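First up is the structure itself, then whatever we jot down about it.
Chains as they are written, first to last, in my numbering: chain A, 16 to 426; chain B, 16 to 426.
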């Protein structure tokens, strides 16, 4: 059977047109949830969805979706998409790529006169980045009943999400996104350097990593930086600095199966001539392996205690906050691999080190992700870039994967 | 010859009375330069100076001074004193001890009917702590022609020192402090733990340490804390943390001849899920040995470069700012030692790890310092404490040292 073929040139021109909505002076994109730019983006993408034969609407959380009917009307839909919001001064691809590639797949099926058996559900989520309300994947969380009440969410100006949603005017009908779904597929840029460094043309994602975060404070004694001899100092920064090195070393010992970061560190009183009495820091660990993540948490706890003991410090720790790793659907991974093989593309099985809407939906829907290369691993930046041939290749593999899933899920 | 004897009970009661001016709710003292509290302190101490037979005045910088005539009118004065201002919520002893002990010595000479040959110059400097205008030892700097113009100095509210000095009303005549002086002697609390830990009853200070300060920035690349593999990270905090450990180690290797501190460290962007792209820190080194201080600066420079290289970072450094160590007068050290021996007190020769007015005057006047123990090494705090017998002992050694210098300098 001849596969439906996506139109790479159209996909490119649409990504470029969409990136004009919320364009920043230095060439990035700032498109925040429920803003006028978000509404304009929804209207534009809805028009393209309609052209592809799908019927667009928005739900109560401002998620854009559209259903193209399947040949067997009673089946749950196969869904594909991603998000339409961006971080402040973000890039062109993070989110919109997955949405417009799904629209392109729908158009390809229509152009080929080859409607799938399942309805095709195209998705453009709101507030995946968490930029406006501080809750990442808010739009997809709402689909699995895990979103906070919109009255409880406020932007930096104190305006509630409920108010913003009331004012969010897209001209589209309001409906609930159909659930359950037969599958959810998300094409996304890797946001890391692995594929671009020659790993492969595509990634078939096997899991989305778990994240554990810990805030801790080393407490010593602020004292005169001149008159206090070295051997009686209780310098809180000594403990913190040693822990930074220890986290680096512990994580490196996993041979690439985990990452670890100290992204925040502050000392007080913070004067050049005063020994730091407090050093406050935040440790983040990520791994796709839940047992490894747990073991690392234990090792970081032990190292923190050792650093405190070594320098006569007290240690205040909060509880670890952990989001467990989320394995993606094995059958969908196989379908992505088969699609890549059908199209002669190289691929690797890899984990996603960042969170995505697919991580949320995976709890309720068989979910899968396809990664394409990010030049230099850069994202959340105007310098975010994916080669146009990689964009077209990713969209084509998405389209082919839908075809394969359509048969599998129907069989 | 029977030495003049200071009155320890009176010294204690005067220190306690003076500490009531600027008393804070938690028992500390906040007495800022040119404030109403400072003026009240000047008036009170001037009254005690007058009772001791000295004639008080203030100079153009609000320094309180008083001269008790000597038997040989033409000699330059032997001076003794310290400062009357405090840090915010400081202690009872840092500054006032040296001023009131000098007043007590003058009273002792008068009570003993044993006026020195030299005039006795009692000094109560303003703004030693630099709390109000950010320039430490401002009062003593003015005596050696190194103070900035008072119009150029502003407090936190933007008021100039010139305005504050115009409004500084003490009721005393305004005159210049007589220069040159035959000697300057300052009794001060150690502000460190050495004497209190059993080192000796007194310290004869041989030098005031030099201070070298360096601001530096490690520049890496802010990046996603999940998607960036450990082996391609350029984490600026990795360089900074390694340098904190290196400074500690380099300074410890000097065996107590230097101290080193990283008192400021900040990272940006400073988010738990972003690899730090910049880490900015300040290194301070202190040593009484100029050559060692220079060698340490070189080693810190080399370590900073090594830390940057190890983690693929760039390094931005400002120039080192260095105040050279100041050796104190050898003859005065000998006089302090002789005075301690005469009085049966144990003493050690030691360096001052903090700055003092004596450090400034030493450039123009033979200068010396006597330290008494600080309980727990604590200063700049309501918990600052020196035992009353240590206070009396220090004042008696100051008095005896003046007697010995009076003969030496006259001889």
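Even glycine gets a Cβ: it sits at the ideal position worked out from N, Cα and C.
The structure presented is a predicted model; accordingly, all values stated were derived computationally and were not measured.
When burial is assigned at 16 or more other CB atoms within 10 Å of the CB, is residue i buried or exposed?
i: residue 340(A); result: buried
i: residue 409(B); result: buried
i: residue 171(B); result: exposed
i: residue 404(A); result: exposed
i: residue 276(A); result: buried
i: residue 32(A); result: exposed
i: residue 184(B); result: exposed
i: residue 209(A); result: buried
i: residue 374(A); result: buried
i: residue 182(A); result: exposed
i: residue 186(B); result: exposed
i: residue 416(A); result: buried
i: residue 345(B); result: exposed
i: residue 399(B); result: buried
i: residue 421(A); result: buried
i: residue 302(A); result: buried
i: residue 164(B); result: exposed
i: residue 257(A); result: buried
i: residue 284(A); result: exposed
Kindly list, in the order they appear in chain B, the residues whose Cβ is closer than 8 Å to that of residue i.
i: residue 240(A); result: 274, 276, 278, 299 and 301
i: residue 205(A); result: 242
i: residue 266(A); result: 245
i: residue 228(A); result: 287
What three-state label does DSSP hand residue i in the structure shown?
i: residue 245(B); result: helix
i: residue 204(A); result: strand
i: residue 64(B); result: helix
i: residue 140(B); result: strand
i: residue 301(B); result: strand
i: residue 327(B); result: coil
i: residue 420(B); result: helix
i: residue 236(B); result: coil
i: residue 18(B); result: coil
i: residue 283(B); result: strand
i: residue 398(B); result: coil
i: residue 231(B); result: strand
i: residue 426(B); result: In this prediction, residue 426(B) has a pLDDT of 46, which is less than 50 and means its spatial position is unreliable; what the coordinates show is noted afterwards. Correct three-state label for residue 426(B): coil.
i: residue 307(B); result: helix
i: residue 183(B); result: coil
i: residue 133(A); result: coil
Using a cut-off of 9 Å between C-beta atoms, extract the partners of residue i located in chain B.
i: residue 107(A); result: None at all; the shortest Cβ gap to chain B is about 17 Å.
i: residue 271(A); result: 244, 245 and 246
i: residue 427(A); result: Outside the modelled stretch of chain A, which goes from 16 to 426, sits residue 427(A), for which no answer is possible.
Which residues in chain A have a C-beta closer than 7 Å to the C-beta of residue i? List them in chain order.
i: residue 288(B); result: 278 and 299
i: residue 342(B); result: The contacting residues do not exist; residue 342(B) stays about 17 Å from chain A at best.
i: residue 263(B); result: 253
Do residue i and residue j have their C-beta atoms within less than 8 Å of each other?
i: residue 211(B); j: residue 397(B); result: no
i: residue 113(B); j: residue 128(B); result: no
i: residue 279(A); j: residue 294(A); result: no
i: residue 109(A); j: residue 223(A); result: no
i: residue 418(B); j: residue 18(B); result: yes
i: residue 14(A); j: residue 321(A); result: A question about residue 14(A) goes unanswered here, because the residues of chain A that appear run from 16 up to 426.
i: residue 135(B); j: residue 72(B); result: no
i: residue 312(A); j: residue 300(A); result: yes
i: residue 282(A); j: residue 251(A); result: yes
i: residue 74(B); j: residue 190(B); result: yes
i: residue 192(A); j: residue 158(A); result: yes
i: residue 363(A); j: residue 214(A); result: yes
i: residue 413(A); j: residue 99(A); result: no
i: residue 242(B); j: residue 392(A); result: yes
i: residue 132(B); j: residue 85(B); result: yes
Applying a beta-carbon distance threshold of less than 8 Å, which residues of chain A neighbour residue i?
i: residue 260(B); result: 253, 256, 257 and 260
Show which residues of chain B have a CB atom less than 7 Å away from the CB atom of residue i.
i: residue 213(A); result: Those within 7 Å of residue 213(A) in chain B number zero; the least Cβ separation is about 13 Å.
i: residue 163(A); result: Result: empty, since nearest Cβ-Cβ is about 20 Å, beyond 7 Å.
Show which residues of chain A have a CB atom less than 9 Å away from the CB atom of residue i.
i: residue 281(B); result: 280, 281, 282 and 285
Does residue i have its Cβ less than 8 Å from a Cβ in chain E?
i: residue 249(B); result: Of the protein chains in this structure, namely A and B, none is chain E.
Problem - Proximal residues, the stretch 380 to 413 of chain B versus chain A, C-beta separation under 9 Å - result: 389, 392, 393, 394 and 395
Exercise for the section: Below 7 Å between beta carbons is the criterion; list the residues of the stretch 355 to 383 of chain B that meet it against any residue of chain A, in chain order. Expected result: 368 and 369
Practice task
With 8 Å as the limit, tell me which residues of the stretch 18 to 35 of chain B have their beta carbon closer than that to any beta carbon of chain A; keep them in chain order.
Solution key: none
Practice task
Determine which residues of the stretch 319 to 350 of chain B have a Cβ less than 8 Å from any Cβ of chain A, and write them out in chain order.
Solution key: none
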